[in-house]
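I have placed the structure first, in the form of structure tokens, so that the comments after it can refer back to it.
There are 2 protein chains.
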Amino acid sequence: MRKIDPEKHAARRRLILDAAIACFSRKGFHGTSTAEICAEAGMSPGNLFHYFPTKHTIIAAIVEEERQETAEIFRKLGEEEDLFAALLGFMDSVLELAGDPAYSSLALEIAAEAMRDERIGTLAATNDAELQSALVALLRNAASRNQIDRTLDAEGAARWIAAIIDGIFSRVAVDPGFKPKEEGVLLHRLLSRFLRTQD
Amino acid sequence: MRKIDPEKHAARRRLILDAAIACFSRKGFHGTSTAEICAEAGMSPGNLFHYFPTKHTIIAAIVEEERQETAEIFRKLGEEEDLFAALLGFMDSVLELAGDPAYSSLALEIAAEAMRDERIGTLAATNDAELQSALVALLRNAASRNQIDRTLDAEGAARWIAAIIDGIFSRVAVDPGFKPKEEGVLLHRLLSRFLRTQD
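Top line first, the protein sequences correspond to chains A and B. Residues 1 to 199 in the numbering used here are what the first sequence spells out, letter by letter. Residues 1001 to 1199 in the numbering used here are what the second sequence spells out, letter by letter.
What follows is the structure in structure tokens.
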């Protein structure tokens, strides 16, 4: 039996995911063939199949990776002194990602696939639930430190922050006048007034 | 030549549009055949074809109708004394519509079709631009009456209100915990703090 070198395995897996992300951003999930992903990754179909038996397992891996990255981001945010500033920093990074055409088109592809395919839908729903839990925890901690309004319903506020994140990606798709990287000032006003005590 | 009775023509057109809306909400735009729309409307294919030669002309008519309704809503809102209260009322009606499963699934169908089909995309973009113009006009008038913050950038605020509207429909699609009809209190807080002067 051939022994698997875990580092080499992880590196090849990474190579395929990056190639797939590039293809999906350019041509959409349904517009991309596994042959194109192989060509982009410089890999034979047999070799790709060894890592990901279907295109669906690739998109599932991308969604799972997104979940891990979000968890890691919130773990780091939780260590900050000023949790409200940390939240603003997170939302700035959302604007930054939404302003990256490759990322935003991939996000829309995943959202569309989550509607069409139940397995991807379940994974996307898990990511969404985890993001909201992480937001709730951050808001609760911020409230306990008086960095935001202590009387605010944290679950409700987290749902609206999630709605705003969705809205940012939707605007990028439909409104050429919405330039995420230039919207930071108004987003800060919106969040600080929504979340903080008025004084 | 047969004379067209304009009232009868409008009534039959209405009948077809309502039948199509019911079908599209249930089975999606691509999942609905013209035969099903005929059955729902109780009309022969030849008769339907006389009003709408293709399924696309039906969805285009629905989007156009949405445009006219939005224009009419904002014309009425503009006559209110308290324009900020009028805006809150409009946003409450958005929550109400988003909480109606038939309406929200139709809205998602149209948004998806606007991405796939250039003609529908152009119509949807026109609706979006008109909604934003109407919001800008409302915000400017409200500012001139000191009902909202006079120093606020009206175009920017309108873009964010549009993002929030998108976010509401997106949440309905992905998050069973987001119940639009119960979200009014937090939406009022968000909008009033975002738009009004703090005192």
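Note that the Cβ used here is the ideal one computed from N, Cα and C, for glycine as well. Predicted, not measured: the structure shown is a model, and the values here were computed from it.
1. Excluding the 5 residues preceding and the 5 following I1016 of chain B in the sequence, name in chain order all residues of the same chain whose CB lies nearer than 8 Å to its CB.
2. What does the Cβ neighbour count give for V1174 of chain B, buried or exposed, with the cut at 16 atoms within 10 Å?
3. Say whether chain B places a C-beta atom closer than 7 Å to the C-beta of G28 of chain A.
4. Examine chain B for any beta-carbon lying closer than 7 Å to the beta-carbon of A163 of chain A, and answer yes or no.
5. If you measure between the beta carbons of G1025 of chain B and L1106 of chain B, is that distance less than 7 Å?
6. Do L1135 of chain B and A1158 of chain B have their CB atoms nearer than 7 Å?
7. Quick one: is T109 of chain A buried, meaning 16 or more other Cβ sit within 10 Å of its Cβ, or exposed?
8. Would a C-beta distance cut-off of 7 Å place F1084 of chain B and A1137 of chain B closer than the cut-off?
9. Hey, could you find the ends of the alpha helix (DSSP H) N47 of chain A is sitting in?
10. Please report the distance separating the alpha-carbon of F29 of chain A from that of R67 of chain A.
11. Quick one, which residues of the region 102-129 of chain A are near chain B if we go by CB-CB under 9 Å, in chain order?
12. Would you list, in sequence order, the uninterrupted alpha helix (DSSP H) runs of no fewer than 4 residues that lie entirely inside the region 88-138 of chain A?
13. Would you tell me roughly how many angstroms separate the C-alpha atoms of D1005 of chain B and Q1198 of chain B, rounded to the nearest one?
14. Run down chain A in chain order and give the residues with a C-beta less than 7 Å from the C-beta of Q1147 of chain B.
15. Could you check whether the Cβ of L97 of chain A sits closer than 7 Å to any Cβ belonging to chain B?
16. In chain B, which residues lie less than 8 Å from S33 of chain A when you measure between Cβ atoms?
17. Which residues in the same chain as R65 of chain A place their Cβ atom closer than 8 Å to its Cβ, once the five residues preceding and following it in sequence are excluded?
18. Is the shortest distance between the beta-carbon of S1133 of chain B and the beta-carbons of chain A less than 7 Å?
19. Using beta-carbon positions only, say whether L186 of chain A and G1156 of chain B come within less than 7 Å of one another.
20. Shorter than 7 Å from the beta carbon of D1092 of chain B to some beta carbon of chain A?
21. Where do the ends of the alpha helix (DSSP H) carrying I168 of chain A lie?
22. Run through DSSP, which three-state label would D82 of chain A get?
23. In angstroms, rounded to a whole number, what distance separates the CA positions of L95 of chain A and Y103 of chain A?
24. In the structure shown, what three-state DSSP assignment does E1183 of chain B receive?
25. Please list the partners that I168 of chain A has in chain B, where partner means a Cβ-to-Cβ separation under 7 Å.
26. Between which two residues does the alpha helix (DSSP H) holding S25 of chain A run?
27. Give me the residue from B:K1076, B:A1022, B:F1169 with the minimum Cα distance to A1111 of chain B.
28. Measuring alpha carbon to alpha carbon, tell me which residue in B:L1087, B:I1073, B:K1027, B:A1020 is nearest L1195 of chain B.
29. Going by CA-CA distance only, name the one from B:E1072, B:T1032, B:R1189 that's closest to E1130 of chain B.
30. Does N141 of chain A come out as helix, strand or coil in the three-state DSSP assignment?
31. Return the residue from the list A:E81, A:F90, A:D82 that minimises the CA-CA distance to T70 of chain A.
32. Whole angstroms is fine: what's the gap from K179 of chain A's alpha carbon to P1045 of chain B's?
33. Looking only at its chain, what residues have a beta carbon closer than 8 Å to the beta carbon of V172 of chain A, apart from the 5 residues adjacent to it on each side?
34. Taking I1148 of chain B as part of the alpha helix (DSSP H), name the residues at either end of that continuous run.
35. Kindly list, in the order they appear in chain A, the residues whose Cβ is closer than 8 Å to that of D1153 of chain B.
Let me lay it out:
1. So the qualifying residues of the chain are I1037, A1041, M1043, L1048, Y1051, F1052, I1058.
2. Label assigned to V1174 of chain B: buried.
3. Cβ-Cβ to chain B under 7 Å: no for G28 of chain A.
4. Yes, A163 of chain A counts as interfacial toward chain B.
5. For the sequence presented, residue 1025 of chain B should be read as Ser rather than Gly. Yes, these two residues count as a Cβ contact at 7 Å.
6. A contact, by the Cβ cut-off of 7 Å.
7. Reading the sequence as shown, one finds Glu at residue 109 of chain A and not Thr. By the neighbour-count rule (16 or more Cβ atoms within 10 Å), E109 of chain A is buried.
8. It is not a contact, given that the beta carbons lie outside the stated cut-off.
9. Counting along the chain, N47 of chain A sits inside the alpha helix (DSSP H) bounded by residues 45-51.
10. Each residue's Cα considered, the two are about 19 Å apart.
11. Of all residues in the region 102-129 of chain A, only L108, A111, A112, A114, M115, G121, A124, A125, D128, A129 come within less than 9 Å of chain B when Cβ atoms are compared, listed by chain position.
12. Fully enclosed alpha helix (DSSP H) runs of 4 or longer: 101-116.
13. D1005 of chain B and Q1198 of chain B: Cα-Cα distance of roughly 57 Å.
14. Those do not exist, as Q1147 of chain B stays about 16 Å from chain A at its closest Cβ, beyond 7 Å.
15. False, the Cβ-Cβ gap to chain B never drops below 7 Å.
16. The premise fails here: S33 of chain A is roughly 19 Å from chain B at the closest Cβ pair, so nothing lies under 8 Å.
17. It is worth fixing the name first, because residue 65 of chain A is Glu in this sequence and not Arg. For E65 of chain A, where only same-chain residues beyond five positions count, the Cβ hits under 8 Å are L17.
18. Proximity of S1133 of chain B to chain A, defined by a Cβ-Cβ separation below 7 Å, is not satisfied.
19. L186 of chain A is a Cβ neighbour of G1156 of chain B, given a cutoff of 7 Å.
20. No, no contact with chain A.
21. Annotation: the continuous alpha helix (DSSP H) that includes I168 of chain A extends over 154-174.
22. Here D82 of chain A sits in coil by DSSP.
23. Rounded to whole angstroms, L95 of chain A to Y103 of chain A spans 11 Å at the Cα level.
24. Looking at E1183 of chain B - three-state DSSP - the assignment turns out to be coil, as it is neither helix nor strand.
25. Ordered by position in chain B, the residues that pass the 7 Å Cβ test against I168 of chain A are A1163.
26. The continuous alpha helix (DSSP H) containing S25 of chain A extends over residues 6-27.
27. If we check each option's Cα against that of A1111 of chain B, B:F1169 comes out closest.
28. Considering only alpha carbons, the answer is B:L1087.
29. Relative to the Cα of E1130 of chain B, the nearest Cα in the group B:E1072, B:T1032, B:R1189 belongs to B:E1072.
30. Residue state, collapsed to three classes: helix.
31. Ranking the options by Cα distance to T70 of chain A, first place goes to A:F90.
32. Cα-Cα distance, rounded: 45 Å.
33. Here the set comprises A98, G99, S104, F178, P180.
34. Note, I1148 of chain B: premise wrong, no alpha helix (DSSP H); not H, not E.
35. From the beta-carbon of D1153 of chain B, the residues of chain A found nearer than 8 Å are L186.
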